[in-house]
Amino acid sequence: MADEPIPTSPQEPTHRVSTSGDIEVSTYLEIAQEREGVRGKSRKDGALSPPRHEAIAVLDFGSQYSRLIARRIREHHVYCEILPPDATREAVAHLDLRGIILSGGPASVYEEDAPLAPAWVFDAGVPVLGICYGMQLIAHQLGGKVSGESGSHAREYGFAVIRKNERSPLFDGLDDEMPVWMSHGDRIDATPPGFRSIAYSENSPIAAMANDAGIFGIQFHPEVAHTPQGSQMLRNFTHGVCGLRGTWTPGNFVAETVEHIRTQVGDGKVICALSGGVDSAVTAKLVHEAVGDQLTCIFVNNGLLRREEPERVRDVFQRSVGLKLVYVDATERFLSVLAGVTDPEEKRKRIGAEFIDVFEEQAGALGEVDFLAQGTLYPDVIESQTSDSSAAHKIKTHHNVGGLPDRMRLKLVEPLRFLFKDEVRLVGAELGMPPVVLNRQPFPGPGLAIRVIGDVTYDKLEVLRAADWIVMDEIKADGLYDKLWQSFAVLTDTRTVGVMGDQRTYQHVVAIRAVTSEDAMTADWARLPYDTLARISNRIVNEVASVNRVVYDITSKPPGTIEWE
Ligand code: XMP
Numbered sequence: 039m040a041d042e043p044i045p046t047s048p049q050e051p052t053h054r055v056s057t058s059g060d061i062e063v064s065t066y067l068e069i070a071q072e073r074e075g076v077r078g079k080s081r082k083d084g085a086l087s088p089p090r091h092e093a094i095a096v097l098d099f100g101s102q103y104s105r106l107i108a109r110r111i112r113e114h115h116v117y118c119e120i121l122p123p124d125a126t127r128e129a130v131a132h133l134d135l136r137g138i139i140l141s142g143g144p145a146s147v148y149e150e151d152a153p154l155a156p157a158w159v160f161d162a163g164v165p166v167l168g169i170c171y172g173m174q175l176i177a178h179q180l181g182g183k184v185s186g187e188s189g190s191h192a193r194e195y196g197f198a199v200i201r202k203n204e205r206s207p208l209f210d211g212l213d214d215e216m217p218v219w220m221s222h223g224d225r226i227d228a229t230p231p232g233f234r235s236i237a238y239s240e241n242s243p244i245a246a247m248a249n250d251a252g253i254f255g256i257q258f259h260p261e262v263a264h265t266p267q268g269s270q271m272l273r274n275f276t277h278g279v280c281g282l283r284g285t286w287t288p289g290n291f292v293a294e295t296v297e298h299i300r301t302q303v304g305d306g307k308v309i310c311a312l313s314g315g316v317d318s319a320v321t322a323k324l325v326h327e328a329v330g331d332q333l334t335c336i337f338v339n340n341g342l343l344r345r346e347e348p349e350r351v352r353d354v355f356q357r358s359v360g361l362k363l364v365y366v367d368a369t370e371r372f373l374s375v376l377a378g379v380t381d382p383e384e385k386r387k388r389i390g391a392e393f394i395d396v397f398e399e400q401a402g403a404l405g406e407v408d409f410l411a412q413g414t415l416y417p418d419v420i421e422s423q424t425s426d427s428s429a430a431h432k433i434k435t436h437h438n439v440g441g442l443p444d445r446m447r448l449k450l451v452e453p454l455r456f457l458f459k460d461e462v463r464l465v466g467a468e469l470g471m472p473p474v475v476l477n478r479q480p481f482p483g484p485g486l487a488i489r490v491i492g493d494v495t496y497d498k499l500e501v502l503r504a505a506d507w508i509v510m511d512e513i514k515a516d517g518l519y520d521k522l523w524q525s526f527a528v529l530t531d532t533r534t535v536g537v538m539g540d541q542r543t544y545q546h547v548v549a550i551r552a553v554t555s556e557d558a559m560t561a562d563w564a565r566l567p568y569d570t571l572a573r574i575s576n577r578i579v580n581e582v583a584s585v586n587r588v589v590y591d592i593t594s595k596p597p598g599t600i601e602w603e
């Protein structure tokens, strides 16, 4: 066993539920796929290939931290891709490959079906860095000795201190003694021929090893925050060992992507569904930079948006950005398909299906259209990668491409499919998009319908909009908006007795939800100041008719979810 879950790291969640909050449009596409029975199909035709940058390939052996490795590498402005552990040499042919990282993973090299590194990795002529299980693979496959948990006192979990044995480019500028995060059962007992130990810890004489051909192995995790010098170590690998220069910058990305979109689209027509969220906004802006008025955006007001939101979206995109925008007020249609529906899943399905219908009608009215632009992000792409290997079996298939375009015969323009969420924001800033768009807290596609518990009516939505407005107002006034992943009000289906002006009242309970999170997969309830909560509560019961009680949700995710439905 090489890579057991590391407890309580603030860096990365232990399981994956959804990519982020801003997946509204993709969620609709998912629903469309279900409806059309085309789940899992992905139209690759017309999809952008990544700009050809000096790149690192991360072969993912199933570690929960593989994405974190990729994010750390990207933070050093180096392009990298995560690939299945059995990726072929052809799978990296599109990259200007300069280095390979073998990730950690839960397997032990001695297990029967343990995934091995493909042979081409070791004669690709580029440096290789094995992390944890990746290091054990190097030892195992190149003739060293790995011992299992039963063999010796191999286990190391948690903090450890490593000490350098010799100078190594991997440790350039780093302390001779370094705290690191270990998480392994097996350990290396003998290096392969040509390798030597370059660092040791109390439990491992070979905590890091290297040969003269640029192959390195480290038993600890440099990608987690618990290894304070880990990020610099990864940079030493990319810049020092692989000789990369760090050209993966938002500026370069914008220039190259705009060029790519121009080539891909030619003089074709593109449509894009705007949701108000950052992903679709940056997608639209990039496509607009590339092909101007060949792009038409469609913004569907489903009547489930927050107060002033439809106006804000139109204001930003139509007036400031200058996009050709078709605005559809479909409030009545959505409310009528929701009438009497209380089941959360049924609400989502109906909203998604209605969206598709409205979108298709509007797109049809535009005449011949060739492309659909959508804000698929890199985590979705990683999720869709399939492999026959056992390690990759764990990766869920993510279904947010296909469906709508399949039915409408549109080719996809997905300029963000190589970006993580934080990179999307940087690209948006590079494009001069306003903070109100880039820093917007995520908002779910089904909108307020999943925050009105029980059946959804116009009147209840109005109550919720009023309460939500106050939450937002106070959170912003206290400078908390940007510190929270999400903050909002929920209209519960509970009524309670209260007293107002000596009168008995029997009115709605509103719940306040505010969470901190890295990426919505896990979340913690926010410790909002009591004074902020007091003002919110006071204003809601005074300003929102028919609400007489306010409660604060102190549930983390897991076991709760961020939204109530
Ligand atoms: P949960 O409630 O699952 O939400 O913890 C995780 C994140 O996803 C957002 N969310 C959605 N976004 N369509 C979306 O586009 C949906 O159906 C949906 N449901 C939840 C939620 O706001 C949070 O950011």
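Residue numbers (our numbering): 39 to 603. Just so you know, even glycine gets a beta-carbon here, dropped at the ideal spot from N, CA and C.
With 16 or more neighbouring CB atoms inside 10 Å of its own CB, residue 254 falls in the buried class. Each residue's CA atom was taken as its position, placing residue 590 and residue 389 some 28 Å apart. Set against 8 Å, the gap from the CB of residue 387 to the closest heavy atom of ligand 1 is not smaller. The three-state secondary structure of residue 217, taken from DSSP, is strand.
Counting the other CB atoms within 10 Å of its CB gives residue 321 a total of 16 or more, which places it among the buried residues.
Among the bridge pairs identified by DSSP, residue 247 is matched with 235, 255. Shown here for residue 281: same chain residues with a beta carbon closer than 8 Å to its own, the five before and five after excluded, namely 136 in chain order. Within the same chain, and ignoring the five residues on either side of residue 300 in sequence, the residues whose Cβ sits closer than 7 Å to its Cβ are 328, 329.
For residue 307, no beta strand (DSSP E) encloses it, and the DSSP letter there is neither H nor E. Between the C-alpha atoms of residue 210 and residue 271 there is a straight-line separation of about 8 Å.
For residue 576, there is no enclosing beta strand (DSSP E); the enclosing alpha helix (DSSP H) has its first and last residue at 568 to 581. Spatial neighbours of residue 286 in its own chain (CB-CB distance under 6 Å, excluding positions within 5 residues in sequence) are listed in chain order as 91, 115, 116, 117. Ranked by how close their Cα comes to the Cα of residue 230, the residues 239, 492, 246 have 246 in first place. If you draw a straight line from the Cα of residue 511 to the Cα of residue 570, it comes to about 10 Å.
By the neighbour-count criterion, in which a residue is buried when 16 or more other Cβ atoms sit within 10 angstroms of its Cβ, residue 171 is buried. Straight across, the Cα-Cα distance linking residue 127 with residue 93 is about 14 Å.
Short of 7 Å from the beta carbon of residue 378, and not among the five residues preceding or following it, lie these beta carbons of its own chain, in chain order: 493. In the structure shown, residue 163 falls within a coil segment according to DSSP collapsed to helix, strand and coil.
Secondary structure note for residue 321: its alpha helix (DSSP H) is the uninterrupted segment 316 to 329. Contact check for residue 239 and residue 200: beta-carbon distance about 5 Å, within the 8 Å limit, so the pair qualifies. Runs of the alpha helix (DSSP H) lying entirely within the stretch 377 to 427 and spanning at least 4 residues, in chain order: 382 to 403, 416 to 422.
In terms of Cβ geometry, residue 448 and residue 410 form a close pair [threshold 9 Å].
Taking 9 Å as the cut-off, the Cβ atoms of residue 382 and residue 278 do not count as close. Assigned with DSSP and collapsed to three states, residue 458 falls in coil, not helix or strand. Sixteen is the threshold: when 16 or more other Cβ atoms of the shown chains lie within 10 Å of the Cβ of residue 475, as they do, the residue is buried.
For residue 599, the Cβ falls inside the 8 Å cut-off from some heavy atom of ligand 1. Where residue 173 is concerned, the enclosing alpha helix (DSSP H) starts and stops at 171 to 179.
Ligand 1 approaches residue 483 closely enough that one of its heavy atoms is under 8 Å from the residue's Cβ.
Here the distance from the Cβ of residue 488 to the nearest heavy atom of ligand 1 is below 8 Å.
Judged by DSSP secondary structure, residue 194 falls within the beta strand (DSSP E) whose first and last residues are 194 to 202. Judged by beta-carbon spacing, residue 142 lies beyond the 9 Å limit of residue 123, meaning their Cβ atoms are not closer than that value. For residue 417, the Cβ stays outside the 8 Å cut-off from all heavy atoms of ligand 1. Closest by C-alpha distance to residue 130, out of 107, 164, 153, 149, is 164. Cβ contact annotation for residue 366 (same chain, cutoff 8 Å, sequence separation greater than five): 336, 337, 338, 339, 396, 400, in chain order.
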